[in-house]
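Chemist: Residue numbers (the UniProt record's numbering), protein chains in the order written: chain G, 1 to 194; chain S, 1 to 194; chain D, 1 to 194; chain Z, 1 to 194. Below is one structure. I have some questions about it.
Protein chains: 4
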Amino acid sequence: MKRTKPKYKQIVDAAVIVIAENGYHQAQVSKIAKEAGVADGTIYLYFKNKEDILISVFREKMAIFVENINEILTKDLSISEKLLQVVENHFRVLQNDPHLAIVTQLELRQSNKDLRFQINNVLKEYMILLDQLLEEGVEKNELSSELDLRLARQMLFGTMDETITSWVMNEQKYDLISLAPKVSNMLLRGYQQR
Amino acid sequence: MKRTKPKYKQIVDAAVIVIAENGYHQAQVSKIAKEAGVADGTIYLYFKNKEDILISVFREKMAIFVENINEILTKDLSISEKLLQVVENHFRVLQNDPHLAIVTQLELRQSNKDLRFQINNVLKEYMILLDQLLEEGVEKNELSSELDLRLARQMLFGTMDETITSWVMNEQKYDLISLAPKVSNMLLRGYQQR
Amino acid sequence: MKRTKPKYKQIVDAAVIVIAENGYHQAQVSKIAKEAGVADGTIYLYFKNKEDILISVFREKMAIFVENINEILTKDLSISEKLLQVVENHFRVLQNDPHLAIVTQLELRQSNKDLRFQINNVLKEYMILLDQLLEEGVEKNELSSELDLRLARQMLFGTMDETITSWVMNEQKYDLISLAPKVSNMLLRGYQQR
Amino acid sequence: MKRTKPKYKQIVDAAVIVIAENGYHQAQVSKIAKEAGVADGTIYLYFKNKEDILISVFREKMAIFVENINEILTKDLSISEKLLQVVENHFRVLQNDPHLAIVTQLELRQSNKDLRFQINNVLKEYMILLDQLLEEGVEKNELSSELDLRLARQMLFGTMDETITSWVMNEQKYDLISLAPKVSNMLLRGYQQR
DNA sequence: TATGAATGAGATTTCATTCAT
DNA sequence: TATGAATGAAATCTCATTCAT
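Right, here's the structure in full:
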């Protein structure tokens, strides 16, 4: 299972396209192979099984989020500014890759429990970073000292997720990124002391 | 397609149990029929196809939410109090029916795009009620006049949804209902003018 | 798994024909279904899986041997006469069902270890009857008192088996049944005291 | 197709080991290549295809039997003594190479009809030698003049084969070689005039 | 000679749905 | 209305073999 060879990336990218265009249940291995320009059997030189392709898609793409967020967190900015950048980043990555948006918001959710469990493990890393952001806000006295961190993070992630899903279901008709300031403002006020 | 006969309800209830206990992908029509105490073929006297069973499950159960929320909205209460009651109601219905919680938060999400679009149509009714609540808040000057209603509602629904899903994924180990005040408070502040 | 319905027998018989005519590895379930005049899926109402079909073929057909041998053993005959009848019976059943002969002597031996283990269990019943025959011969002093029963039975079965396999490999060109007296005579002498 | 180079022998020996340890159906070409310490493709410089490896295994190993038997036949011994030595030799070669015993008695029998016909061709050479032994016995008046040579040889081979297969299936728990005298005695008596 | 990455054909099994009774 | 036996389409994965290097 080589994870570095160009063919590995070819197949992951092909999977995103095929799933976005055909839907999760119509994304047969043979379609992915065709899109990637390799034989069906070649897939299995790089992935253990079909599930392994899907979890890899998620892992590879989620890495982009994590990397960006990490960068934002290390900057010397106020929490309100960081929060805005986090939301904007989340929105931007998905607006700029419409296929990926469909895949993460609609298609991959159709996967079975096993796969979703694995996806959740990948998501945890992202969640931890969101937790860090909020914790920092409390420490710096920018957010309420009484904030329930878990609930706050669930509000953050749930709001972004629902906003994006609605946008995808509305066929990505409006500009998502420009909604980020309003969203982060609402969240911020929710997190602040009265 | 009789929607009133007892057998219709029998089958819907059987579906909830079977899906919760076996998972979406292991909820075969024959299992549902067995649980309902009818023959496989009988299912098709009451439902067009399997998807029709699932959407019916959602529609029937969602009716409980809508009914409750409707009642709350007509009461003579402040928005902050109504918001609390809405969140509490949402949490309570699902905490009191663990099978249903599993089905709505985890299992039904595995359905295909078509079914999910239909589910979203059912959800719309609920969304409209949430919109009304927020609108009323703006009109009564309890919420910021600059509130973006759609985003606000997405924050409301997204936060509740994510909170419940996390709770289900944590095997419903803690008390969900008691989180309602904190959640509604955070939301409320987010919706208010500084 | 109904073992009595006519369709069960239909499928078993079809399996014998298909395996004999196409060979073990070319006996696809769909071919068997076609030969039996049922749909592919119907097979799985009567058999757990493909292996279950094959072991059933063996079990059903072996029952004929066991039944016949049992009958012979209960007759009031000399051991030499019983031995002759046993050999003759073995040869006759297979000569009269050329398909079955091909299946038992050539095709079913290609099965994997698991299946062969199960087949051996079925064979054991037959082996035990052969043991009884030889034991009776010793008790009645018709066979040498020093006979090693296990080796004697291995000689009996091995000789019959090799004789039939050679006959099958020679495309069943000569009369097998008429060889029974010579074969049983040779065996008998081998079992007798000098 | 060089049959002399060391790599040819390396591969044949690797095949015996891989088949014995993994079973016929789990003996992939790539496993054999790995065991032999060569690349998959290299196999095809020495063998036409996989079947060719297997038939080669059989041919190479059978040569040992043929050589030994030839030697025995040329000795100046009574038929009864030669028969004993033949049986003993057959048992000894397999008892001393447990891997080979498993391969010849269990695994190679799972091969398809084509391969088994080829194996039988190789076996024929051995069968001819057994025929010669029996013929010599008749000529020297040590065996019955009325012996049916083919049946007698089938009894000889079938008995040895079944005895060894039982021993292998019993996990080679007892001493096989020491059974040779009893076996050859039973056979001898069967071949002699009353 | 030697390599090993790539190929692609092929079959078992499940399960939603039908329809004769 | 109700039954349940029968249907049949459809997809993952393996592995012998090839061939460019």
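Glycine residues also receive a C-beta, built at the ideal position from the N, C-alpha and C atoms.
1) My guess is that Met169/S and Tyr126/S are in contact by the Cβ rule of under 8 Å, so how many angstroms apart are they, rounded?
2) On the three-state DSSP scale, how would you describe Gln105/Z?
3) In its own chain, which residues sit with a C-beta less than 7 Å from the C-beta of Leu77/D, not counting the 5 before and 5 after it?
4) Excluding the 5 residues preceding and the 5 following Met1/D in the sequence, name in chain order all residues of the same chain whose CB lies nearer than 6 Å to its CB.
5) Within 8 Å (strictly less), CB to CB, does Arg189/D reach chain Z?
6) Short check: CB of Leu83/S to CB of Leu188/S, under 8 Å?
7) Go ahead and pull the three-state DSSP assignment for Glu51/D.
8) Assign Thr74/Z to one of two classes, buried (16 or more other C-beta atoms within 10 Å of its C-beta) or exposed (fewer than that).
9) Is the stretch 16-26 of chain Z touching the stretch 100-110 of chain Z, taking contact as three or more C-beta pairs under 8 Å?
10) In chain order, what residues of the same chain lie with their CB nearer than 7 Å to the CB of Ile17/D, ignoring the 5 residues before and after it?
11) State the DSSP-derived secondary structure class of Ser184/S, mapped to helix, strand or coil.
12) What whole-angstrom Cβ distance do Ile72/D and Gln85/D have, given they're in contact under 8 Å?
13) Within this structure, are the beta carbons of Ile55/Z and Leu147/Z separated by less than 8 Å?
14) For His25/S, which residues in chain G fall below 7 Å Cβ to Cβ?
15) Using 8 Å as the Cβ pair cut-off and three pairs as the minimum, do the stretch 141-159 of chain D and the stretch 42-52 of chain D touch?
16) Buried or exposed: where does Asn185/D fall if 16 or more other Cβ atoms within 10 Å of its Cβ makes it buried?
17) Can you name the residues of chain Z whose CB is closer than 7 Å to the CB of Met169/D?
18) Please report the residue range of the alpha helix (DSSP H) in which Asn120/G lies.
19) Taking C-alpha atoms, which residue in Met160/D, Pro6/D, Phe117/D, Ala27/D lies nearest to Phe91/D?
20) Pick helix, strand or coil for Glu146/Z, following the three-state DSSP scheme.
21) Could you tell me the alpha carbon to alpha carbon distance between Ala14/S and Ala39/G, rounded to whole angstroms?
22) DSSP on Lys82/G, reduced to helix/strand/coil?
23) Using the C-alpha atoms, what's the distance from Ile32/S back to Ile19/G?
24) Drop a sphere of 10 angstroms on the beta-carbon of Asn70/Z, count the other beta-carbons inside from all chains shown, and report buried for 16 or more, exposed for fewer.
25) May I ask you to list, following chain order, the residues of the stretch 84-96 of chain S that have a beta carbon less than 7 Å from some beta carbon of chain G?
26) Does the beta carbon of Glu135/D sit closer than 8 Å to a beta carbon anywhere in chain Z?
27) On the DSSP letters alone, give me the boundaries of the alpha helix (DSSP H) that Tyr44/D sits inside.
28) Using only CA atoms, which one of Asn141/G, Asn96/G, Leu143/G lies nearest to Ile164/G?
29) Within the 8 Å Cβ cut-off, does Thr104/G reach chain S?
30) So the candidates are Gly37/S, Phe117/S, Val12/S, Phe157/S; which of them puts its Cα closest to the Cα of Leu133/S?
31) Check the Cβ-Cβ distances between Met62/Z and every residue of chain D, and say whether any is below 8 Å.
32) Can you name the residues of chain Z whose CB is closer than 7 Å to the CB of Lys182/D?
33) Helix, strand or coil: how does DSSP classify Leu77/Z here?
34) Return the first residue and the last residue of the alpha helix (DSSP H) that Ile177/G is part of.
35) Between Ser80/G and Glu135/G, how many whole angstroms is the CB-CB distance? I'm expecting something under 8 Å.
36) Answer with buried or exposed for Glu139/G, where buried requires no fewer than 16 other C-beta atoms within 10 angstroms of its C-beta.
Modeler: Taking the coordinates as given:
1) Looking up residue 169/S in the second sequence gives position 169. Looking up residue 126/S in the second sequence gives position 126. So it is not a contact: roughly 22 Å between Cβ atoms.
2) Numbered from its first residue, the fourth sequence carries residue 105/Z at position 105. If DSSP states are grouped into helix, strand and coil, Gln105/Z belongs with the helices.
3) The residue you call residue 77/D lines up with position 77 of the third sequence. Around Leu77/D: no qualifying Cβ.
4) Mapped onto the third sequence, residue 1/D falls at position 1. A caution first: Met1/D carries a pLDDT of 45, below 50, which makes its placement in the model unreliable, though a value can still be read off. Correct list: empty, nothing qualifies.
5) Indexing the third sequence from 1 puts residue 189/D at position 189. Yes, Arg189/D lies at the interface with chain Z (some Cβ there is under 8 Å from its Cβ).
6) Here residue 83/S refers to the residue found at position 83 of the second sequence. Here residue 188/S refers to the residue found at position 188 of the second sequence. The answer is yes: Cβ separation under 8 Å.
7) Position 51 of the third sequence holds residue 51/D. Residue state, collapsed to three classes: helix.
8) As a first step, residue 74/Z must be located in the fourth sequence, where it is residue number 74. Thr74/Z should be labelled exposed.
9) yes
10) Reading the third sequence from its first residue, position 17 is the one you call residue 17/D. Excluding positions up to five away in sequence, the list reads Glu35, His99.
11) Within the second sequence, numbered from 1, the residue matching residue 184/S stands at position 184. In this structure, Ser184/S counts as helix in the three-state DSSP scheme.
12) In the third sequence, the residue the question calls residue 72/D occupies position 72. In the third sequence, the residue the question calls residue 85/D occupies position 85. Confirmed, about 5 Å.
13) Indexing the fourth sequence from 1 puts residue 55/Z at position 55. Indexing the fourth sequence from 1 puts residue 147/Z at position 147. Contact flag unset, no.
14) Your numbering for residue 25/S matches position 25 in the second sequence. In chain order: Asn112.
15) no
16) Taking the third sequence and counting its residues from 1, one reaches residue 185/D at position 185. Buried, because 16 or more other Cβ atoms sit within 10 Å of the Cβ of Asn185/D.
17) Taking the first residue of the third sequence as position 1, residue 169/D is located at position 169. What Met169/D touches in chain Z: Asn120.
18) On the first sequence, position 120 is the one that residue 120/G refers to. Element bounds for Asn120/G: 113-139.
19) Position 91 of the third sequence, counted from the start, is the residue given in the question as residue 91/D. The shortest Cα separation from Phe91/D among Met160/D, Pro6/D, Phe117/D, Ala27/D belongs to Met160/D.
20) The residue given as residue 146/Z occupies position 146 in the fourth sequence. Three-state DSSP puts Glu146/Z in coil, outside helix and strand.
21) The residue labelled residue 14/S in the question sits at position 14 within the second sequence. The residue labelled residue 39/G in the question sits at position 39 within the first sequence. Those two C-alpha atoms are separated by around 44 Å.
22) As a first step, residue 82/G must be located in the first sequence, where it is residue number 82. Note: Lys82/G maps to helix in three-state DSSP.
23) The sequence position of residue 19/G within the first sequence is 19, counting from 1. The sequence position of residue 32/S within the second sequence is 32, counting from 1. Approximately 30 Å, taken between the alpha carbons.
24) Residue numbering aside, residue 70/Z sits at position 70 when the fourth sequence is read from its first letter. Exposed: under 16 other Cβ atoms inside 10 Å.
25) none
26) For the purposes of this step, residue 135/D is identified with residue 135 of the third sequence, where counting begins at 1. No, because no Cβ of chain Z sits closer than 8 Å to the Cβ of Glu135/D.
27) Residue mapping note: residue 44/D aligns to position 44 of the third sequence, counting from 1. First-last of the alpha helix (DSSP H) with Tyr44/D: 40-46.
28) As a first step, residue 164/G is located in the first sequence; it is residue number 164 there, counting from the start. Ile164/G has its Cα closest to that of Asn96/G, out of Asn141/G, Asn96/G, Leu143/G.
29) Position 104 of the first sequence, counted from the first residue, corresponds to residue 104/G. Thr104/G does not count as touching chain S.
30) For the purposes of this step, residue 133/S is identified with residue 133 of the second sequence, where counting begins at 1. Closest by alpha carbon: Phe157/S.
31) Here residue 62/Z corresponds to residue number 62 of the fourth sequence, with the count starting at 1. Not an interface residue.
32) Mapped onto the third sequence, residue 182/D falls at position 182. Near Lys182/D (Cβ distances below 7 Å), the residues of chain Z are Asp148, Leu151.
33) Mapped onto the fourth sequence, residue 77/Z falls at position 77. In the structure shown, Leu77/Z sits in coil (DSSP, three-state: anything other than H, G, I, E or B).
34) In the first sequence, counting from the first residue as 1, residue 177/G sits at position 177. Where Ile177/G is concerned, there is no enclosing alpha helix (DSSP H), given that its DSSP letter is neither H nor E.
35) The count along the first sequence starts at 1 and reaches residue 80/G at position 80. The count along the first sequence starts at 1 and reaches residue 135/G at position 135. That belief does not hold up - the Cβ atoms of Ser80/G and Glu135/G are roughly 15 Å apart, past 8 Å.
36) Residue numbering aside, residue 139/G sits at position 139 when the first sequence is read from its first letter. Exposed: under 16 other Cβ atoms inside 10 Å.
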